[in-house]
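These notes concern the structure reproduced below.
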Amino acid sequence: MTVKWLYYWQPNVGGTMSSQTLFDAFKRIEALHGSKTFRWQITASQFRPNQRDSPVPPVDCARELWGVSFSEVPDKYFFALRQDHMVVEADATMQAIMEKLQVYRNRLTILFEGFQYELGDFHIKAGRAVLAHTENLRGIVLEVDYKPLSSVEQSRRVVEDFMKVLNKGVVTGQFIPLDPNFPEYSLPDLYSWQHTSLQYVTLMAHVLSQQRT
-2 MTVKWLYYWQ PNVGGTMSSQ TLFDAFKRIE ALHGSKTFRW QITASQFRPN
48 QRDSPVPPVD CARELWGVSF SEVPDKYFFA LRQDHMVVEA DATMQAIMEK
98 LQVYRNRLTI LFEGFQYELG DFHIKAGRAV LAHTENLRGI VLEVDYKPLS
148 SVEQSRRVVE DFMKVLNKGV VTGQFIPLDP NFPEYSLPDL YSWQHTSLQY
198 VTLMAHVLSQ QRT
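Using my numbering, the first residue of the sequence shown is number -2, and each one after it goes up by one.
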């Protein structure tokens, strides 16, 4: 699996973010001769324990659970426990099982959606982050992968150099890389969907923290 690096739009001080920001990103990719291939969607959710009669969750129940699903792998679902530094892969049916058990409730869901482009050896997903069932814009994201490499460290510099080209000449802000700290979650250098899941969970946590501030 090729390495995917996630970036989020950071406007300059005093600047704003809107749908036009995403359209401008599309135009910059197309100006570099990127060709649009298909639509994509990623669903990220934050779960909290069902407290029922007790204000304190059971000791064996994590206080916060994150879940991610990808349109490209519809038969899989990924969970992250940020406090325990764990990312696990499960069957997609696990969502239905969770609903039946009612141990956790879905606090909120963010949809990441947009278009994928092919540009030489790069795949680029450009899209927006919105609250589910609304058009409430929470962020603009780019996911960049370099097809020849599946090593996290080997691909890092290549993608960084590509992003310098993409950000060049932009005066309203820039796309900032995430720092998901893969080793902290015992994720190896060989890339997997668990790495991607951690990045989107990290981005969702960032989006929620920005919302609070």
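Positions of the beta carbon are idealized from the N, C-alpha and C atoms, including for glycine.
What you are looking at is a predicted structure, and each value in this text was computed from that prediction instead of being measured.
Of all alpha-carbon atoms in Val198, His203, Leu205, the one lying nearest the alpha-carbon of Thr40 is that of Val198. Distance from the CA atom of Gln196 to the CA atom of Gly136, rounded to whole angstroms, is 14 Å.
A direct Cα-Cα distance of roughly 14 Å separates Tyr114 from Asp21. Taking one beta carbon from each stretch, the segment 97 to 114 and the segment 30 to 40 have 3 or more pairs nearer than 8 Å; the two touch. In chain order, Tyr4, Ala123, Phe172 place their CB closer than 6 Å to the CB of Leu139, counting only its own chain and leaving out the 5 sequence neighbours on each side.
Taking each of Pro185, Pro46, Asp158 in turn and checking the Cα distance to Leu98, the smallest one comes out for Pro46. Shown here, Leu139 sits in a strand according to DSSP, grouped into three states. The beta carbon of Val127 is closer than 8 Å to those of Ile107, Leu108, Glu110, Asn133, Leu134, Arg135 in its chain, skipping five residues each way along the sequence. Taking 3 residues as the shortest admissible run, the segment 96 to 174 contains the following complete beta strand (DSSP E) segments, listed from N- to C-terminal end: 101 to 116, 119 to 128, 134 to 143, 170 to 174.
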